[in-house]
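Reading through the structure tokens given below for one structure.
Protein chains: 2
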Amino acid sequence: MYKKEIKVLDCTVRDGGLMNKWQFSKEMVKSVYDSCVEAGVDYMEIGYISSEDQFSRSEFGPWKFCSESDVREIVGENNTKTKLSVLADIGRINFNDIRPASESVIDMFRVAAYDYQIDKAIELAHHAMDKGYETTINLMAVTKVNERSLNEVLSDVQKSRVNTFYLVDSFGSMYSEDIQMFMKKYKDALPGKTIGFHGHNNMQLAFANTIECIIQGATMLDATMLGIGRGAGNCPLEILISFLKNPKYRLKPILQSIQDHIKPLQKDIDWGYFLPYMIAGSLNEHPRNAMAWMNSDKKEDYVGFLEDAFEKREDLK
Amino acid sequence: MYKKEIKVLDCTVRDGGLMNKWQFSKEMVKSVYDSCVEAGVDYMEIGYISSEDQFSRSEFGPWKFCSESDVREIVGENNTKTKLSVLADIGRINFNDIRPASESVIDMFRVAAYDYQIDKAIELAHHAMDKGYETTINLMAVTKVNERSLNEVLSDVQKSRVNTFYLVDSFGSMYSEDIQMFMKKYKDALPGKTIGFHGHNNMQLAFANTIECIIQGATMLDATMLGIGRGAGNCPLEILISFLKNPKYRLKPILQSIQDHIKPLQKDIDWGYFLPYMIAGSLNEHPRNAMAWMNSDKKEDYVGFLEDAFEKREDLK
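Quick note, the sequences are listed as chains F and D, same order.
Heads up, the first sequence is in the working numbering, so the first residue is 1 and it goes up one at a time.
Heads up, the second sequence is in the working numbering, so the first residue is 1001 and it goes up one at a time.
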């Protein structure tokens, strides 16, 4: 399935950092960057971009902020084919703190937004575009959005100048038939725009859903090394690269970075296939309760988590 | 996706035993059986059936043999809705050792065969049917079988009295498009017969491929608790049960058995998502080299395994 339009975006540091407040060593981040470059990965998302007055540096590591100096310490001038992206949450970045793209090594701003934030997301994306950045809008939690609201979001995005829109499986709850439905809807509503996909792996479907998205026409694909990411994590980059037939990609540098830096993180961080995450995904629920359970001494009480999850589903009472 | 024809077969003990020579405690096997019954699982495959002169009891646990007395010690008379199955390898069971079904608590013989063994597989299955058992034939390693040979197998099976034929992803190398192709071929060639699916999880696709098989018309679905099985393991039963909408199935007893008996096995047995298994799957190779690598001190040298795998691919030299 060789499609030359496909772009792969590594978000190992950005999504993985949700599990340890971005407290990664510089060696780890540098290794991820070097291996993305060597592997031919098209974009590396190095973190969230937030203004310094929004979070404390004593609590959060540098990849919660992505200051120009911290990023340059890893990538220098980034004279490579791998572009750099950052993710912006609505309200966490002051417009005045965004420097012109000509003065930054960052190439792309991705804006994460809930459906009710779409106007603000478009405003932020347009602002970043005016400063010279590529942009995307990533609509979160779409499996909780009703049809009329989603139609309005898609109509607003289509009228905007933003060129790339993401299907995001925030809760890892989508099956292949959901992917087909959403992709058809997005493609029909957004002619001429690029569609991306960001999956979560609660039910071991992140890679399978990524393949389904490719079949349905998505061309920007998010993945992380060893699937590291919030809760169950993401589509594993190494499986995606093994699958893609484009000769520009190389697997070996990714394996090297995994064995040197990512696999050892499993001693301290529980991402991946754990039953509380699976249950949350199958219930189409935010992973926050599962993450709290995984951080408690009830971690391996799966029956308890299932009972608790149903008790918390007030709509089922 | 409620289809009343769907049957789920748990092969936790049978496929999981490939990782520890079936040295499970009686408590574990009893727990798997009890939870299958309580969860509404249609079949439990309790092990391989082999004649006692074929393997040593000092090396292999009881579920390599499935003697009537060992099975009855777990299931009694099995007065439940869950049927019991055993897997037979060609040449490992003497025909005379198969007792009439009326004298056994075992309900089904499944016959695993390579394409060149299909005549023997049909002979064994017919013999078991004549003794009163349900039967299936499970064609292994089909991703290495050429089109003409596969057509011959399908023609032979269609002419036989065997009612159920399995699509088996022995190497965990199938993508959704492979599933679609094989399922169409099997359905077209075997009108009136039941199609089953047995997946492996090397590329985290066992559950996704199971869904695709359901969509394409397969109705017998293999799975194991926590995905335990050879190498990367199988489709996790708990995700499949969460997905199926048939109200006869219950998730909780399966979670209970996993937390009491299956999860603790991970201390000693490395099944699941490990990169050597992923690489073997993506190369459409038997897992034996990956399993040997995982049992060596090079277990976490993924780059080394990749290089080794390519060196062993003589056809690429």
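Where a beta carbon is used, it is the ideal one built from N, C-alpha and C, also for glycine.
Three or more Cβ pairs closer than 8 Å define a contact, and the segment 231-240 of chain F meets that threshold against the segment 197-205 of chain F.
Between the alpha carbons of F/Phe95 and F/Gly47 lies a gap of roughly 18 Å. Annotation for D/Asp1010: the continuous beta strand (DSSP E) segment containing it runs Lys1007 to Asp1010. In the DSSP secondary-structure assignment, D/Glu1134 is bridged to D/Met1108.
Here DSSP, grouped into helix, strand and coil, assigns F/Ile118 to helix. Assigned with DSSP and collapsed to three states, D/Leu1190 falls in coil, not helix or strand. Between the beta-carbon of D/Thr1143 and that of D/Met1181 there is about 11 Å, and that puts the pair past the 8 Å contact cut. Of the other Cβ atoms in all chains shown, fewer than 16 fall within 10 Å of the Cβ of D/Arg1099; this residue is therefore exposed. The alpha carbon of F/Asn138 has as its nearest neighbour, out of F/Val162, F/Val111 and F/Leu154, the alpha carbon of F/Val111. Residues of chain F whose Cβ lies closer than 9 Å to the Cβ of D/Lys1263 are, in chain order, Leu275, Glu300 and Tyr302. For D/Met1183, the CB contacts under 8 Å within the same chain, skipping 5 residues up- and downstream, are Leu1167, Ile1195, Glu1212, Cys1213, Gln1216, Gly1217 and Ala1218 in chain order. Counting C-beta pairs closer than 8 Å gives fewer than three between the segment 1040-1054 of chain D and the segment 1292-1308 of chain D, which falls short of the contact rule. Taking C-beta atoms under 8 Å as the contact rule, F/Arg92 and F/Ser50 qualify, at a distance of about 5 Å.
About 18 Å separates the beta carbons of D/Glu1238 and D/Met1220, which is beyond the 8 Å limit, so they are not a contact pair. Proximity to F/Val32 across F/Leu84, F/Ser69 and F/Gly61 peaks at F/Leu84, based on C-alpha coordinates.
Looking at the DSSP output, D/Ala1223 sits in a beta bridge with D/Asp1010.
Residue environment for D/Gln1266: exposed (fewer than 16 other C-beta atoms within 10 angstroms of its C-beta). Within 9 Å of the CB of F/Ser176, the CB atoms of chain D belong to Ser1176, Ala1208, Ile1211, Glu1212 and Ile1215, in sequence order along the chain. DSSP places D/Phe1165 in the strand class (E or B) of the three-state scheme. Contact of F/Lys252 with chain D is assigned, a C-beta pair being separated by under 8 Å. Across the segment 179-207 of chain F, CB contacts with chain D closer than 8 Å involve Asn201, Met203, Gln204, Leu205, Ala206 and Phe207, in sequence order along the chain.
Contact annotation for F/Ser242 against chain D: Met1203, Met1278, Ile1279, Gly1281, Ser1282 and Leu1283 [CB-CB distance below 9 Å, chain order]. Contact with chain D is found for F/Glu238, since one of that chain's Cβ atoms lies less than 8 Å from the residue's Cβ. With respect to chain D, the C-beta atom of F/Ile258 has a partner C-beta closer than 8 Å.
If you draw a straight line from the Cα of F/Gly272 to the Cα of F/Leu240, it comes to about 16 Å.
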